[in-house]
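A.B. asks: Quick note, the sequences are listed as chains U and C, same order. My numbering applies: residue 13 is where the first sequence begins, and numbers increase by one. My numbering applies: residue 38 is where the second sequence begins, and numbers increase by one.
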Amino acid sequence: GKKQYDRDFLLSFQYMPACV
Amino acid sequence: KEMTAMEKVMKNPLQSRWALWFFKNVKSQPWQCNLRLVTAFTTVEDFWALHTHIQLASKLSSGCDYSIFKDGIEPMWEDSRNKRGGRWLITLSKQQRHSDLDALWLETLLCLIGEAFDEYNEDICGAVVNIRAKGDKIAVWTRDAENRDAVTHIGKVYKERLGLSSKIVIGYQAHADTATKSNSLTKNKFVV
């Protein structure tokens with residue numbers, strides 16, 4: 013299926029430790 | 038090694054593979070030498086890892102651009118997937134570099150990687166932020182300036198996502214028109 017993500021879902025990853 | 042494989046499995050894949058490009062205006066060099074592919078990413082997590090590590094758009098010097106394009110599309114009119122297209126253009130005042138630019142650019146990125154444009158996501162080519170002394174610009178590039186349904190839907194969704202007032206009108210310009218005229222004279226093909 014098409015992978016569409018809303019802004020809140022995307023923003024929830026912004027400060028995840030794994031991302032920095 | 039096992040952990041890396043595990044992390045790979047658990048990352049959230051994006052619909053498209055995206056490439057980040059950086060342009061720095063060095064006048065002594067040809068235009069294309071000033072354009073560099075930074076990296077490509079395919080997951081939500083890798084997007085944030087990149088975004089967190091690079092300079093904010095508002096901190097770049099004048100003459101620089103960031104571009105994010107679907108992998109394989111070069112951030113220039115001449116690319117075969119851009120040349121029949123155009124762009125929704127957001128022009129900012131000088132003051133907005135400090136108040137609005139970074140938030141508007143991030144929202145633009147989230148629209149693209151999240152595939153926010155419903156049945157018209159395939160019309161999206163990429164987005165560009167230009168840092169300029171006379172006023173910064175953000176644009177979303179689409180592949181077909183003649184596809185009225187796609188262009189207007191994308192424009193409406195984009196304007197709403199940016200939180201722009203209904204009093205503000207944004208315009209869409211075909212690259213073919215932009216290429217032959219100076220920016221200020223390019224007429225809008227569509228507005229929302």
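Even glycine gets a Cβ: it sits at the ideal position worked out from N, Cα and C. On a predicted model such as this, the values are computed, not experimentally measured, just so you know.
Applying a beta-carbon distance threshold of less than 7 Å, which residues of chain U neighbour residue 51(C)?
C.D. replies: The contacting residues are 15.
A.B. asks: Nearest chain U C-beta to residue 123(C) closer than 9 Å, yes or no?
C.D. replies: Closer than 9 Å: no.
A.B. asks: Shorter than 9 Å from the beta carbon of residue 21(U) to some beta carbon of chain C?
C.D. replies: Yes, residue 21(U) counts as interfacial toward chain C.
A.B. asks: Apply the 10 Å Cβ neighbour rule to residue 69(C) and answer buried if 16 or more other Cβ atoms are within range, or exposed otherwise.
C.D. replies: Per the 10 Å Cβ criterion, exposed.
A.B. asks: Would residue 151(C) count as contacting chain U if we go by Cβ distances under 9 Å?
C.D. replies: Yes, contact with chain U.
A.B. asks: Can you list, in chain order, the residues of the stretch 74 to 103 of chain C whose Cβ is nearer than 7 Å to any Cβ on chain U?
C.D. replies: So the list reads 81, 82, 85, 86, 89, given in the order they occur along the chain.
A.B. asks: What is the C-beta distance between residue 196(C) and residue 229(C), in whole angstroms, given that I count them as a contact (C-beta under 8 Å)?
C.D. replies: With a Cβ gap of about 5 Å, residue 196(C) and residue 229(C) count as contacting.
A.B. asks: Do we get a CB-CB distance below 9 Å when we pair residue 35(C) with the residues of chain U?
C.D. replies: Since the first and last residues shown for chain C are 38 and 229, residue 35(C) lies out of range.
A.B. asks: What are the partner residues of residue 99(C), as DSSP defines its beta bridges?
C.D. replies: Residue 99(C) is not bridged to any residue.
A.B. asks: In terms of residues, what are the limits of the beta strand (DSSP E) holding residue 174(C)?
C.D. replies: Per DSSP, residue 174(C) belongs to the beta strand (DSSP E) from 174 to 179.
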